[in-house]
Amino acid sequence: MALQNSGTGSPNAEAGEPEHESRRAEVITSLVVSLAAFAVAGGVLKQSQVLASALFFAAGLPWLLFAFSKKVKVWAAQPWVPALLWTLAFASAGVSMLDEPDQKDDPKPSPIKFVHPGGNDVIPHCNQITGTGSIPSGHRIALFDRSLSEANAPYWFDQIANPTDNGWRVDDVQIGEGEGDEGAAVELIAVLLPEKTAQYLASIQTGNGDADVATYWWATHLPAEAVDRVKVTRNADTKECS
36 MALQNSGTGS PNAEAGEPEH ESRRAEVITS LVVSLAAFAV AGGVLKQSQV LASALFFAAG
96 LPWLLFAFSK KVKVWAAQPW VPALLWTLAF ASAGVSMLDE PDQKDDPKPS PIKFVHPGGN
156 DVIPHCNQIT GTGSIPSGHR IALFDRSLSE ANAPYWFDQI ANPTDNGWRV DDVQIGEGEG
216 DEGAAVELIA VLLPEKTAQY LASIQTGNGD ADVATYWWAT HLPAEAVDRV KVTRNADTKE
276 CS
């Protein structure tokens, strides 16, 4: 009498299920570990982790789908090898990007301000005016002053400031006319101008070009918006600038 097989499936098929599940787990684990490693590498290389992760998932998605397919045998023996290769490939791309010039964002510009004199300071007739702030390339600071004791007082042009390591400076600025100006309230005004405009203003002369004729000139309007203003008061020192 023939023996009847009471089993419902072959032993090889039953043994294959755990093997496939194990391989699937290895594939998923290797993908996760590789992604984590590349995320760390992306942070060190200061590259876009969002874009890098998207590229990684795009490259790994077909392999991840194969891992859930019982008919396609991928990573049969060493599932870590492709994962390691992908990580090295992306890391190499990141390193190659480091060879390009590092274009860092410019530091946030600091506001242009008067340093000396400060607001409500008492100043002599001859002064050195200093300030701080980031002056954009191709621009200069022009210094004006006007009386606060007169209605609709004109703006007197003083000088174009010289750049310094930490700001700007204007030397030999005479405020007022010397005698009789003690106690006069004056406003100092800093204006940011393009280089060519500043050069033009500095070239303006009054009189006939005689050295004995004052070259100060005034206008009813500023050439641009003021970047800073300070109110000062003249003292009794009437010594002129040398």
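Under the numbering used here, the first residue of the sequence shown is numbered 36, with each subsequent residue one higher. By construction, the Cβ of each residue, glycine as well, lies at the ideal position given by its N, Cα and C atoms.
Asked: The beta strand (DSSP E) with Thr273 in it runs from where to where?; Found: Note, Thr273: premise wrong, no beta strand (DSSP E); not H, not E.
Asked: Closest to Pro152 by C-alpha separation, out of Asp216, Glu275, Val267 and Ala271, would be which residue?; Found: Val267
Asked: Assuming Asp180 and Ile224 are in contact, meaning their beta carbons sit under 8 Å apart, how far apart are those beta carbons, in whole angstroms?; Found: 7 Å
Asked: I need the DSSP call for Lys231, collapsed to helix, strand or coil.; Found: helix
Asked: By Cβ distance below 6 Å, which residues in the same chain neighbour Pro171 in space, the five residues on each side in sequence not counted?; Found: none
Asked: Taking the C-alpha atoms as reference points, what is the distance between Ala237 and Asp193?; Found: 9 Å
Asked: Using a 10 Å radius around the Cβ and a threshold of 16 neighbouring Cβ atoms, would you call Ala259 buried or exposed?; Found: exposed
Asked: Taking the beta carbon of Tyr190 as the centre, do at least 16 other beta carbons fall within 10 Å, making it buried, or is it exposed?; Found: buried
Asked: Going by other Cβ atoms of all chains shown within 10 Å of its Cβ, with 16 needed for buried, is Arg215 buried or exposed?; Found: It should be pointed out that residue 215 corresponds to Gly in this sequence rather than to Arg. Flag for Gly215 reads exposed.
Asked: With Glu230 and Arg264 assumed to form a contact (beta carbons below 8 Å), what rounded beta-carbon distance in angstroms separates them?; Found: No, Glu230 and Arg264 are not in contact; Cβ-Cβ is about 23 Å, not under 8 Å.
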